[in-house]
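S.K.: Sharing a structure here in structure tokens format.
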Amino acid sequence: MKISEDSFFKECKKFEDIEKALFQKIKNLRDSVKGDKVYDDNKIDKESFHITIFLKSDLIAYSRLYQSSDYEVSLQRFSVAEKYRNIGISKILMDFILLKAKKNFNKSSLILTSRLKTKEFYEKYDFEVYDIRRENSLDRFYMRRDF
1 MKISEDSFFK ECKKFEDIEK ALFQKIKNLR DSVKGDKVYD DNKIDKESFH ITIFLKSDLI
61 AYSRLYQSSD YEVSLQRFSV AEKYRNIGIS KILMDFILLK AKKNFNKSSL ILTSRLKTKE
121 FYEKYDFEVY DIRRENSLDR FYMRRDF
């Protein structure tokens, strides 16, 4: 499946600007691709920028940016709907995340956690491992990218 990038509708919104129906779609997508990292979603959602990508009316990708400290922004919940994987949606989502992160948090580092199977993807975007921890019997890579 090949889809041109101009077929997508991309948004970055604060929590208070998200309609209930959209937020339910976000939660459904996150739950369908949920990893093993546990977040306090109730608190973090309210303080985050939420990034969405739609194809027509379908939410196909999502992530959020959370200011976790004065100098760090955490990229969390990177999610692509299963039927839209391996066709370049992750790249489109990451490019949009970096654009919005730089615009909204210019003096911060962008941090994330990754499993081994996604580590190489983030390295393509200049994320570097600064810590490795064993969590739930899996290595988790803590990664950072400075602006």
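Under our numbering, the first residue of the sequence shown is numbered 1, with each subsequent residue one higher. We put the beta carbon where it would ideally sit given N, CA and C, even for glycine.
Is the beta carbon of S114 closer than 8 Å to that of M94?
M.R.: The residue labelled residue 94 in the question sits at position 94 within the sequence shown. The residue labelled residue 114 in the question sits at position 114 within the sequence shown. No. Outside cutoff.
S.K.: So, using beta-carbon positions, are L55 and F8 closer together than 8 Å?
M.R.: For this step, residue 55 is matched to residue 55 along the sequence shown. For this step, residue 8 is matched to residue 8 along the sequence shown. Closer than 8 Å, so yes.
S.K.: Under a three-way DSSP split, which group does Y84 fall into?
M.R.: Position 84 of the sequence shown, counting from 1, holds the residue named residue 84. Helix, per DSSP.
S.K.: Buried or exposed: where does V80 fall if 16 or more other Cβ atoms within 10 Å of its Cβ makes it buried?
M.R.: Walking along the sequence shown from the start, residue 80 turns up at place 80. The residue is buried, with at least 16 neighbouring Cβ atoms inside 10 Å.
S.K.: Can you check which of these residues, R145, L110 and H50, is closest to K27 by C-alpha distance?
M.R.: Reading the sequence shown from its first residue, position 27 is the one you call residue 27. When only C-alpha atoms are compared, the closest one is H50.
S.K.: Considering only the alpha carbon of each residue, which of L59, K46, D17 and K20 lies closest to L29?
M.R.: Position 29 of the sequence shown, counted from the start, is the residue given in the question as residue 29. Answer by Cα proximity: L59.
S.K.: If I measure Cβ to Cβ from K13 and keep anything under 6 Å in the same chain, skipping five residues before and after, which residues do I get?
M.R.: On the sequence shown, position 13 is the one that residue 13 refers to. Excluding the 5 residues flanking it on each side, K13 has same chain C-beta neighbours closer than 6 Å at H50, in chain order.
S.K.: Tell me which same chain residues have a C-beta within less than 7 Å of the C-beta of S48, skipping the five on either side of it?
M.R.: In the sequence shown, the residue the question calls residue 48 occupies position 48. Hits under 7 Å: F15, R64, L65 and Y66.
S.K.: Which residues does DSSP pair with A61 in a beta bridge?
M.R.: Locating residue 61 in the sequence shown gives position 61, where the first residue counts as 1. Answer is I53 and V80.
S.K.: Could you check which residue in S68, I89, E72 and K100 has the C-alpha nearest to that of K43?
M.R.: Residue numbering aside, residue 43 sits at position 43 when the sequence shown is read from its first letter. Out of S68, I89, E72 and K100, S68 has the C-alpha closest to the C-alpha of K43.
S.K.: Roughly how many angstroms lie between the CA atoms of K124 and K25, to the nearest whole one?
M.R.: Locating residue 124 in the sequence shown gives position 124, counting from the first residue. Locating residue 25 in the sequence shown gives position 25, counting from the first residue. The alpha-carbon atoms of K124 and K25 are separated by roughly 29 Å.
S.K.: For T52 versus E19, is the C-beta distance shorter than 8 Å?
M.R.: Locating residue 52 in the sequence shown gives position 52, counting from the first residue. Locating residue 19 in the sequence shown gives position 19, counting from the first residue. No, they are not a contact pair.
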